[in-house]
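Numbering (this note's numbering), first residue to last: 27 to 331.
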């Protein structure tokens, strides 16, 4: 499918359009917060504590008088940074392990398969907490733990897809013409499994956002000098019974962003599936497509369509 038609197919689906719109809004807020926010997100003013939402404070203020809207806006930059870096690391780790487990000698493939099965048993949050205990809590720990943790999952899912594509005739022909493993992987295998990687990448980014929020909530993630939705939740949850409206905003931001990434993955998978195109027909490729239209064949007697 061409890039333009793929984008149109993606945006034609309501969940795809909604996911792209929300993620674009988060990215815009992250970019704008680098140069402007309605107020200083870290400025405290005890005389302005617990102000309700108004024109001067869109989401109200917290216990120390911080403007919640400005803090949520600044924290979106942390979320985007963690999601992008964790996703990139997960993609590199997953692609490397999947390639080693699919396109190398049998002994290496079996060893990598065992390694993947062992590593996938360790939860990402547990790995992050162990790293934080050893090296101290920081966004770097969250990125490394999320990237490595979900990179193994990507490798496990993609390994079978790479092996399937590697057995196709055009890959065999490329190898026969002298193409090396790296060239076969980059030119022939990856373009054909790209939708699988995109779906897994969206899930990896969603997982990293949840991991960062959860670890920051527990005190293992972002430092006090870094705006974080999870840290804001931790600060506000103590006053949930008195000021319940304050916790809505960071919770809603986390929920909608994770939901948007999951919906985007589903929309990418549907847009890449030729059986779900508006025409209702699977696009033909190869010699069958070149031979022109094929006459319809009546179903066998007694068989209904």
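From the three backbone atoms N, C-alpha and C, an ideal C-beta is built for every residue, glycine too. Computed from a prediction, not measured in an experiment: that's the story for all the values here.
Buried or exposed: which applies to residue 143, given that a residue is buried once 16 or more other Cβ atoms fall within 10 Å of its Cβ?
-> The residue given as residue 143 occupies position 117 in the chain shown. The residue in question, residue 143, is exposed, as its Cβ has fewer than 16 Cβ neighbours within 10 Å.
From 238, 87 and 44, residue whose alpha carbon lies closest to that of residue 274 | For this step, residue 274 is matched to residue 248 along the chain shown. That would be 87, whose Cα lies nearest to the Cα of residue 274.
Is residue 171 closer than 8 Å to residue 237 when the C-beta atoms are compared?
-> For the purposes of this step, residue 237 is identified with residue 211 of the chain shown, where counting begins at 1. For the purposes of this step, residue 171 is identified with residue 145 of the chain shown, where counting begins at 1. Yes, Cβ-Cβ distance for residue 237 and residue 171 is below 8 Å.
Name the residue from 46, 109 and 249 whose alpha carbon lies nearest to the alpha carbon of residue 176.
-> Numbered from 1 along the chain shown, position 150 holds the residue referred to as residue 176. Here the closest residue by C-alpha is 109.
Alpha carbon to alpha carbon, how far is residue 231 from residue 75?
-> As a first step, residue 231 must be located in the chain shown, where it is residue number 205. As a first step, residue 75 must be located in the chain shown, where it is residue number 49. Those two C-alpha atoms are separated by around 34 Å.
By Cβ distance, which residues of its chain are closer than 7 Å to residue 41, with the 5 residues on each side in sequence left out?
-> For the purposes of this step, residue 41 is taken as the residue at position 15 of the chain shown. Counting only Cβ-Cβ distances below 7 Å, and skipping sequence neighbours, we find 289, 292 and 293.
Selection from 265, 66, 196 and 138 that minimises the alpha carbon distance to residue 99 | Counting from 1 along the chain shown, the entry for residue 99 is found at position 73. Residue 99 has its Cα closest to that of 66, out of 265, 66, 196 and 138.
According to DSSP, what are the bridge partners of residue 93?
-> Working through the chain shown from its first residue, we reach residue 93 at position 67. DSSP lists 87 as the bridge partner or partners of residue 93.
For residue 168 versus residue 287, is the C-beta distance shorter than 8 Å?
-> Walking along the chain shown from the start, residue 168 turns up at place 142. Walking along the chain shown from the start, residue 287 turns up at place 261. Judged by beta-carbon spacing, residue 287 lies beyond the 8 Å limit of residue 168, meaning their Cβ atoms are not closer than that value.
Proximity winner among 101, 187 and 244, relative to residue 162 (alpha-carbon distances) = In the chain shown, residue 162 corresponds to position 136, counting from 1. Residue 162 has its Cα closest to that of 244, out of 101, 187 and 244.
Beta carbon of residue 137, beta carbon of residue 103: below 8 Å?
-> Residue mapping note: residue 137 aligns to position 111 of the chain shown, counting from 1. Residue mapping note: residue 103 aligns to position 77 of the chain shown, counting from 1. Not in contact: residue 137 and residue 103 (Cβ atoms no closer than 8 Å).
Length of the line joining the Cα atoms of residue 48 and residue 36 | Numbered from 1 along the chain shown, position 22 holds the residue referred to as residue 48. Numbered from 1 along the chain shown, position 10 holds the residue referred to as residue 36. Using only the alpha carbons, I get a separation of about 15 Å.
Compare the beta carbon distance of residue 211 and residue 129 with 8 Å and say whether it is the shorter of the two.
-> As a first step, residue 211 is located in the chain shown; it is residue number 185 there, counting from the start. As a first step, residue 129 is located in the chain shown; it is residue number 103 there, counting from the start. Yes, they are a contact pair.
If you draw a straight line from the alpha carbon of residue 92 to that of residue 78, how long is it in whole angstroms?
-> Locating residue 92 in the chain shown gives position 66, where the first residue counts as 1. Locating residue 78 in the chain shown gives position 52, where the first residue counts as 1. Spanning the two alpha carbons is a distance of roughly 12 Å.
According to DSSP, is residue 110 helix, strand or coil?
-> The residue labelled residue 110 in the question sits at position 84 within the chain shown. Reduced to three states, the DSSP call for residue 110 is helix.
Run through the stretch 130-186 for me and flag every whole alpha helix (DSSP H) of 4 or more residues, listed as ranges in chain order.
-> 132-145 and 150-161
Of the residues 135, 112 and 192, which one's Cα is nearest the Cα of residue 123?
-> Position 97 of the chain shown holds residue 123. When each option's Cα is compared against that of residue 123, the closest is 135.
When you compare each of 62, 34, 97 and 140 to residue 262 by their alpha carbons, which one comes out closest?
-> Position 236 of the chain shown, counting from 1, holds the residue named residue 262. It is 97.
By how many angstroms is the C-alpha of residue 147 removed from the C-alpha of residue 173?
-> Locating residue 173 in the chain shown gives position 147, where the first residue counts as 1. Locating residue 147 in the chain shown gives position 121, where the first residue counts as 1. C-alpha separation (whole angstroms): 15 Å.
Among residues of its own chain, excluding the 5 on either side of residue 55, which ones have a beta-carbon nearer than 7 Å to its beta-carbon?
-> On the chain shown, residue 55 is found 29 positions in, with the first residue counted as 1. Within its own chain, the residues whose Cβ lies closer than 7 Å to the Cβ of residue 55, once the five positions on either side in sequence are excluded, are 99 and 102, listed in chain order.
For the alpha helix (DSSP H) that contains residue 273, what are its first and last residues?
-> Walking along the chain shown from the start, residue 273 turns up at place 247. Unbroken run through residue 273: none, as it is neither H nor E.
Name the residue from 33, 200, 271 and 119 whose alpha carbon lies nearest to the alpha carbon of residue 226.
-> Translated into the one-based positions of the chain shown, residue 226 becomes position 200. For the set 33, 200, 271 and 119, the Cα lying nearest the Cα of residue 226 is the one of 119.
Among residues of its own chain, excluding the 5 on either side of residue 53, which ones have a beta-carbon nearer than 7 Å to its beta-carbon?
-> Locating residue 53 in the chain shown gives position 27, counting from the first residue. Hits under 7 Å: 106.
Where does residue 150 land, buried or exposed, given buried means 16+ other C-beta within 10 angstroms?
-> For this step, residue 150 is matched to residue 124 along the chain shown. The residue in question, residue 150, is buried, as its Cβ has 16 or more Cβ neighbours within 10 Å.
Going by beta carbon distance, what residues of the same chain come within less than 8 Å of residue 90, once the five residues before and after it are set aside?
-> Here residue 90 refers to the residue found at position 64 when the chain shown is read from its first residue. Contacts found: 70, 71, 72 and 75.
Cβ pair residue 246, residue 158 closer than 8 Å | Along the chain shown, read from residue 1 onward, the residue named residue 246 stands at position 220. Along the chain shown, read from residue 1 onward, the residue named residue 158 stands at position 132. Yes, they are a contact pair.
In whole angstroms, what separates the C-alpha of residue 181 from that of residue 121?
-> Residue 181 sits at position 155 when you count from the first residue of the chain shown. Residue 121 sits at position 95 when you count from the first residue of the chain shown. One C-alpha to the other measures close to 6 Å.
Specify, as a first and last residue, the run of the alpha helix (DSSP H) that residue 234 falls within.
-> Position 208 of the chain shown, counted from the first residue, corresponds to residue 234. Counting along the chain, the alpha helix (DSSP H) containing residue 234 begins and ends at 216-244.
Since I believe residue 164 is in contact with residue 249 (beta carbons under 8 Å), could you give me their beta-carbon distance rounded to a whole number of angstroms?
-> Here residue 249 corresponds to residue number 223 of the chain shown, with the count starting at 1. Here residue 164 corresponds to residue number 138 of the chain shown, with the count starting at 1. Correct: roughly 7 Å between the Cβ atoms.
Cα separation between residue 317 and residue 208?
-> Here residue 317 is taken as the residue at index 291 of the chain shown, counted from 1. Here residue 208 is taken as the residue at index 182 of the chain shown, counted from 1. In this prediction, residue 317 scores a pLDDT of 40, lower than 50, which makes its location untrustworthy; the coordinate-derived value is nonetheless stated afterwards. Rounded to whole angstroms, residue 317 to residue 208 spans 33 Å at the Cα level.
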